Amino acid sequence: MDLKAKLQAIANEQGMTFKELAAHADMNENGLHDKFRRNSLTVKDLCKLLEALGLELAFVPLRKS
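Residue numbers for the sequence shown follow the working numbering, so the first one is 18 and each next one is one higher.
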């Protein structure tokens with residue numbers, strides 16, 4: 018699953034459309050689609066989307082087996 022599909026799935030679980038997610042993140046839906054298409058989504062953009070979903074970006078060490 019790619020990042021866009023994962024974000025859409027989380028939004029859907031929360032009863033939110035992709036358009037609503039974009040609006041909650043103060044983004045334009047078409048512009049957001051374009052960022053994914055061009056692979057130009059920034060960390061700042063991702064953080065805004067995650068915040069709109071009630072999540073945050075975190076760096077977690079890998080578990081060593």
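C-beta atoms are modelled at their ideal positions from N, C-alpha and C, and glycine is treated no differently.
On a predicted model such as this, the values are computed, not experimentally measured, just so you know.
Next item on the list: Kindly give me the distance between the Cβ atoms of L38 and A22, rounded to whole angstroms, as I take these residues to be in contact under 8 Å.
Entry: The beta-carbon distance between L38 and A22, rounded to whole angstroms, is 13 Å. This is too long to meet the 8 Å contact definition.
Check: Going along the chain, which residues of its own chain have a beta-carbon closer than 8 Å to the beta-carbon of L74, five neighbours each way excluded?
Finding: Taken in chain order, the residues that qualify are V60, L63, C64, L67.
Next item on the list: Would you kindly report the start and end of the unbroken alpha helix (DSSP H) that includes R55?
Entry: Start and end: 46-55.
Next item on the list: Would you mind sorting A26 into buried or exposed? The rule is 16 or more other CB atoms within 10 Å of its CB.
Entry: Counting C-beta atoms within 10 angstroms of its own C-beta, A26 has fewer than 16 neighbours from the protein chains shown and is therefore classed as exposed.
Check: Among the residues of its own chain, which have a CB less than 6 Å from the CB of L53, if the five just before and after it don't count?
Finding: With the sequence shown as reference, residue 53 is identified as Phe, and Leu is not the correct amino acid for it. Correct list, in chain order: K21.
Next item on the list: Note down the Cα distance separating A69 from A42, rounded to an integer number of angstroms.
Entry: Rounded to whole angstroms, A69 to A42 spans 6 Å at the Cα level.
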